[in-house]
Structures are given as structure tokens and as C-alpha cells.
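Undergrad: Here's a structure for you.
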Amino acid sequence: RWVLTFDDRKYLQLREHYTKRAGLMLSQRSLHAFHYGDIVAEDADGLPIPRADDHVDIRIDNSDHNRAHLHYGAPLPHHQQESVKDLDLENVEMFTFVKAIFRHRQSKRPIDEVLHFRLRPVE
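Just so we're aligned: 52 in this note's numbering is position 64 of the sequence shown, and the numbers increase by one with no gaps anywhere.
Here you go:
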């Protein structure tokens, strides 16, 4: 778990977990959760305590039955890959996400523009 906090009460939280693949020397990412949003609560050490219903600017994770999905601007809905255009949610790299958040903060451009994705309209 990596946590970066900002003076404006925003934070980044990044988690990845890798598991060994049977019969191979390689491992694969089995869990990822990349979160950027407001600090709502903190623990005794001053680290943000995330809650599922907290406001989120963006979160990409695969906690939904190992299917990567996106939260954008709110905790709900979960935008599944089918509704996200031009961003492969399963393969977003941690440092790609971090760099995008820093570009967003510096430029004030919307996160979807910085990460080059669009949400398809809900039918």
C-alpha cells in the first residue's frame, strides 16, 4: 500500500498484489486498486482511512469478482470495461495512474482527458 497526501486534503492510494503463476517463474498482478480523492477520515498515524461510500475523484480496481472497473466522480456506479472507451482498466500501470494524477493537478484538466478515456452513455 502506497499513500501520497496533498496539502489540499486529497490523496492517492495505490495497492497491487502479485501471485506466482503455476509452473512459471513469472507472477501476475492479481489485485490492483488505484484511488484518488478527498481525505475524509484519518487513522492515528494520519493516514487516510478509505471507505467504500466516500466521494472519489477516480478509482480503478478489480475487487468486483476480479473484474477491473472504474469509479469516476462518485463511488457509484461501477463502470465496467464495456462502458469505458480507450482505457484498458485491467492493464493500467500504477505509475501511469500516478503521473496522470500529477498532470491533472498541475494542469487542472479533467482526469478523463488526462488519461484519455471516455465513458459510454448508459443505455
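Note that beta-carbon positions come from the ideal geometry of N, C-alpha and C, so glycine has one too.
1. Relative to the C-alpha of residue 17, which residue among 8, 83, 24, 58 is closest?
2. Let me know if residue -1 comes out buried or exposed under the rule of 16 or more other beta-carbons within 10 Å of its beta-carbon.
3. Looking only at its own chain, which residues have a Cβ that is under 8 angstroms from the Cβ of residue 5, when we skip the five neighbours before and after it?
4. What are the boundary residues of the beta strand (DSSP E) that includes residue 95?
5. Leaving out five residues before and five after residue 68 in sequence, what residues of the same chain have Cβ atoms less than 7 angstroms from its Cβ?
6. Short check: CB of residue 29 to CB of residue 63, under 8 angstroms?
7. Out of curiosity, what's the CA-to-CA distance linking residue 26 and residue 72?
8. Starting from the C-beta of residue 78, find all residues in its chain whose C-beta is less than 6 angstroms away, skip the five residues before and the five after it, and write them out in chain order.
TA: Let me spell this out:
1. 8
2. Flag for residue -1 reads buried.
3. 17, 18, 19, 20
4. Unbroken run through residue 95 is the alpha helix (DSSP H), 82 to 95; no beta strand (DSSP E).
5. 55, 57
6. no
7. 23 angstroms
8. 56
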